[in-house]
Amino acid sequence: MTRKRVTSFDVAKRAGVSRSVVSAVLNGTQGIGVSPETREAVLAAIKELNYHVDSQARAMRTGQSSCLAAFGDTGNPLFLQVLEGIQQACLARRYHILICGQEDGEARERLLELYLQNRIDGIITLDPVSYCDEQWAAEVNRLQVPYVSIEGYAENDSVISVQADYYKSVMDALAYMSRDTALPPPIYVHLHNNDNLASNWAEKRREQAYTDWCANRRVEPRIERLHADDELGLRRVLQRLQAEVAGIPPLLFNWAMGAIGTYRAAWELDLRVGEHVKLMAADDTLRVNRHLVPSLSMMEIPYAAMGAEAVAALFSQIDKGEPLEGREARFLQAKLHPGESI
1 MTRKRVTSFD
11 VAKRAGVSRS
21 VVSAVLNGTQ
31 GIGVSPETRE
41 AVLAAIKELN
51 YHVDSQARAM
61 RTGQSSCLAA
71 FGDTGNPLFL
81 QVLEGIQQAC
91 LARRYHILIC
101 GQEDGEARER
111 LLELYLQNRI
121 DGIITLDPVS
131 YCDEQWAAEV
141 NRLQVPYVSI
151 EGYAENDSVI
161 SVQADYYKSV
171 MDALAYMSRD
181 TALPPPIYVH
191 LHNNDNLASN
201 WAEKRREQAY
211 TDWCANRRVE
221 PRIERLHADD
231 ELGLRRVLQR
241 LQAEVAGIPP
251 LLFNWAMGAI
261 GTYRAAWELD
271 LRVGEHVKLM
281 AADDTLRVNR
291 HLVPSLSMME
301 IPYAAMGAEA
311 VAALFSQIDK
321 GEPLEGREAR
331 FLQAKLHPGE
341 SI
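Read in order, the letters of the sequence shown are residues 1 to 342 in UniProt numbering.
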């Protein structure tokens with residue numbers, strides 16, 4: 001036999017107060033005076049009866065579910081980092097997170113259904129860099145769904161987005177690498193995993209920062225382009241650079257995985273990282289910088305902070321009751337982590 005569910009009416013009866021007083025205690029309702037003694041009586045009744053608020057009933061009454069949807073590729077380590085920030089930001093508002101994976105092409109559309117059913121209050125998506133689905137953005141705006149894209153819509157103001165400042169991250173990395181004026185200018189190692197070498201906005205901004213830095217110092221840009229899995233190519237690059245009179249120039253990788261391969265290639269060539277080979281990474285998606293010996297200097301793309309910023313932008317829409325008028329991207333700065341590799 002199913003046990004009868006305890007209601008706010010039972011709590012009110014046990015505490016000897018009205019249901020409105022119980023509601024005021026639970027929700028902190030303004031305008032209803034509740035004495036400390038009455039509040040203690042209500043809380044004692046709640047504890048004795050093991051009462052829990054019916055979230056569905058509250059959602060029907062308030063129009064809010066206290067739940068946000070986080071959508072992304074659950075196999076992507078970046079998504080896990082974003083979730084760290086989303087979770088911390090949601091704790092302050094006592095919000096839950098519904099994690100939705102990209103299992104099929106209709107997953108996004110089902111999130112809209114959940115919103116219309118009052119089961120979520122808003123949507124955050126971690127999108128591929130340069131993602132821009134205008135049809136999805138139009139539908140979100142038509143339905144007035146509180147929505148924030150992380151890394152998508154960087155060049156489109158149809159929705160609110162949170163971005164990393166990839167341009168400044170490379171500028172900061174180059175400033176750190178060039179503090180020793182005796183070293184030659186760094187070479188930029190552009191890793192890619194497809195045939196279109198600079199297909200997305202982030203990689204274009206990174207490379208633009210490097211070429212601008214070189215132009216400001218009147219030095220010729222030197223860019224090596226390799227597939228991300230081409231460790232043999234990395235070894236050949238090191239062998240070729242060994243022949244230069246000034247030694248191997250410092251190497252700035254757009255991705256940390258290239259730095260990892262270079263550690264192995266340097267060891268095979270009897271070269272010491274930090275001495276014969278000086279290098280740095282413009283990101284550390286895999287979070288391996290402190291596990292390498294010597295430790296890798298790198299720029300940390302603030303994915304956790306981007307998740308928290310997305311929650312703040314979402315609550316701004318939820319609290320206002322309508323999408324914000326200003327939909328420009330919000331840019332966050334990467335953080336320098338000095339290591340021993342340069």
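Yeah, the Cβ is synthetic: ideal placement off N, Cα and C, and Gly gets one too.
From a predicted model like this one, the values you see are computed outputs, not experimental measurements.
How do the region 165–174 and the region 81–88 stand: do at least 3 beta-carbon pairs fall below 8 Å, yes or no?
-> In this structure the region 165–174 does not touch the region 81–88; the number of beta carbon pairs closer than 8 Å is below three.
List the endpoints of the continuous beta strand (DSSP E) containing alanine 70.
-> Start and end: 67–72.
Take the Cβ of proline 338 as the centre, count every other Cβ of all protein chains shown within 10 Å, and call the residue buried at 16 or more, exposed below.
-> Exposed, because fewer than 16 other Cβ atoms sit within 10 Å of the Cβ of proline 338.
Quick one: residues in its chain with C-beta nearer than 7 Å to the C-beta of lysine 77, no 5 flanking neighbours on either side, listed in chain order?
-> It is worth fixing the name first, because residue 77 is proline in this sequence and not lysine. Excluding residues up to 5 positions away in sequence, Thr285, Leu286 lie with their Cβ nearer than 7 Å to the Cβ of proline 77 in the same chain.
Identify, in the order they occur along the chain, each residue of the same chain with its Cβ nearer than 6 Å to the Cβ of glutamine 81, setting aside the five sequence neighbours on each side.
-> Same-chain partners within the cutoff: Tyr303, Ala304.
So, helix, strand or coil for arginine 217, using DSSP?
-> Coil, per DSSP.
DSSP-derived helix/strand/coil call for valine 162 | Valine 162: strand per DSSP, three-state reduction.
Looking only at DSSP bridge pairs, what is threonine 7 linked to?
-> According to DSSP, which records beta bridges pairwise, threonine 7 is partnered with nothing at all.
When DSSP labels each residue in this structure, what does alanine 41 get in the three-state scheme?
-> Helix at alanine 41.
Name the two residues that bound the continuous alpha helix (DSSP H) containing lysine 278.
-> Where lysine 278 is concerned, there is no enclosing alpha helix (DSSP H), given that its DSSP letter is neither H nor E.
Who are the Cβ neighbours of aspartate 127 in its own chain at under 6 Å, not counting the five residues just before and after it?
-> Answer for aspartate 127: Ser149, Glu151, Gly152, listed in chain order.
Straight-line CA distance for glutamate 103 to histidine 291?
-> Their backbone Cα atoms lie some 33 Å apart in a straight line.
Helix, strand or coil at leucine 91 [DSSP, three-state] = Collapsing the DSSP output to three states places leucine 91 in a helix.
Rounded separation between leucine 234 and glutamine 144 - CA only | In this structure, the alpha-carbon of leucine 234 lies about 49 Å from that of glutamine 144.
Go through its chain and collect everything with a Cβ distance to glutamate 74's Cβ below 6 Å, but skip five positions before and after it.
-> A small fix is needed here, since residue 74 is threonine in this sequence, not glutamate. Contacts found: Gly101.
Rounded C-beta distance between leucine 49 and valine 6? I'm assuming under 8 Å.
-> The C-beta distance from leucine 49 to valine 6 rounds to 5 Å, short enough to fall under 8 Å.
Find the nearest neighbour of glycine 33 within the set Ala24, Phe71, Gly72, judged by alpha-carbon distance.
-> Measuring C-alpha to C-alpha distances from glycine 33 to each of Ala24, Phe71, Gly72 identifies Ala24 as the nearest.
If you draw a straight line from the C-alpha of alanine 256 to the C-alpha of serine 316, how long is it?
-> Approximately 35 Å between the Cα atoms of the pair.
Coil, strand or helix - valine 148 by DSSP | Collapsing the DSSP output to three states places valine 148 in a strand.
Exposure of phenylalanine 9, with buried meaning 16 or more beta-carbon neighbours within 10 Å = Burial state of phenylalanine 9 is exposed, judged by a 10 Å Cβ sphere holding fewer than 16 other Cβ atoms.
Taking DSSP as the reference, what is the three-state secondary structure of glutamate 300?
-> In the three-state reduction of the DSSP assignment, glutamate 300 falls in the strand class.
Excluding sequence positions up to five away, which residues of its chain have a Cβ less than 6 Å from the Cβ of phenylalanine 253?
-> Shown here for phenylalanine 253: same chain residues with a beta carbon closer than 6 Å to its own, the five before and five after excluded, namely Val189, Ala259, Ala281 in chain order.
Taking all protein chains shown into account, decide if serine 169 is buried (16 or more other Cβ within 10 angstroms of its Cβ) or exposed.
-> When all chains shown are included, serine 169 counts as buried.
If you draw a straight line from the C-alpha of tyrosine 11 to the C-alpha of valine 22, how long is it?
-> It should be pointed out that residue 11 corresponds to valine in this sequence rather than to tyrosine. Roughly 7 Å separates the two Cα atoms.
On the three-state DSSP scale, how would you describe glycine 85?
-> If DSSP states are grouped into helix, strand and coil, glycine 85 belongs with the helices.
Collapsed DSSP secondary structure at valine 25 in the structure displayed = Annotated three-state conformation of valine 25 is helix, per DSSP.
How would you call isoleucine 342, buried or exposed, if buried means at least 16 neighbouring beta carbons within 10 angstroms?
-> With 16 or more Cβ atoms within 10 Å of its Cβ, isoleucine 342 is classed as buried.
Distance, alanine 44 Cα to arginine 14 Cα | One Cα belongs to arginine 14, the other to alanine 44, and the distance between them is close to 9 Å.
Taking DSSP as the reference, what is the three-state secondary structure of histidine 52?
-> In this structure, histidine 52 counts as coil in the three-state DSSP scheme.
Where leucine 332 falls: helix, strand or coil (DSSP) | Three-state DSSP puts leucine 332 in a strand.
Report back the beta-carbon spacing between leucine 191 and leucine 238 to the nearest angstrom; my notes put them in contact at under 8 Å.
-> Incorrect: roughly 15 Å between the Cβ atoms, too far for contact.
Would glutamate 340 be called buried (16 or more neighbouring beta carbons within 10 Å of its own) or exposed?
-> Classification of glutamate 340: exposed, given that the 10 Å Cβ count is below 16.
Enumerate in chain order the residues of its own chain whose CB-to-CB distance from methionine 1 is below 8 Å, with the five nearest sequence positions on each side excluded.
-> Residue placement at methionine 1 cannot be trusted, given a pLDDT of 44 that sits under 50; what the coordinates show is reported in the next sentence. If we look at methionine 1 and ignore the five residues flanking it on each side, it has no Cβ neighbours.
Assigned secondary structure, tyrosine 176 (DSSP; H/G/I helix, E/B strand, else coil) | In this structure, DSSP gives tyrosine 176 a helical state, which the three-state scheme calls helix.
What's the C-alpha gap between threonine 125 and arginine 206?
-> Rounded to the nearest angstrom, the gap between the Cα atoms of threonine 125 and arginine 206 is 23 Å.
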